[in-house]
Amino acid sequence: MQAVIIAPLTTKFRDDPTRIPCSFENKSAQVVLDQIRTVDRQQLVKSLRRIDRKTQRRILETLQMMFSE
Numbered sequence: 010m011q012a013v014i015i016a017p018l019t020t021k022f023r024d025d026p027t028r029i030p031c032s033f034e035n036k037s038a039q040v041v042l043d044q045i046r047t048v049d050r051q052q053l054v055k056s057l058r059r060i061d062r063k064t065q066r067r068i069l070e071t072l073q074m075m076f077s078e
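Under my numbering, residue 78 is the last one in the sequence shown; the count climbs by one each step, no gaps.
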């Protein structure tokens with residue numbers, strides 16, 4: 010099984026350390042890291058976009074913090 014890890018986006022903001030601000034289609038959004046999932050690659054219809062390096066770094070730092078506690 011080829012799997013990928015995905016994190017949903019939301020435009021409903023919450024002040025939470027597991028939510029990382031980003032933009033998507035010229036809208037402000039948050040990556041919701043407390044709802045990450047692993048899905049089969051075949052379930053994905055299309056890739057919407059990749060995140061920028063700065064946001065990637067913030068996500069990785071937050072995930073490290075989440076899993077080290």
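Using N, Cα and C, we set each Cβ at its ideal position, and we do this for glycine too.
Only a predicted model underlies this, so the values are computations on that prediction, with no experimental measurement involved.
In this structure, the beta-carbon distance from L42 to R28 falls below 8 Å.
Within the DSSP bridge table, the entry for L18 names V40 as partners. Between the alpha carbons of R23 and T71 lies a distance of about 16 Å. By the neighbour-count definition (other C-beta atoms within 10 Å, threshold 16), L53 is an exposed residue. Cβ atoms of A16 and Q44 come within 8 Å of each other, at about 7 Å. The criterion of a C-beta distance shorter than 8 Å is satisfied by I14 and T47.
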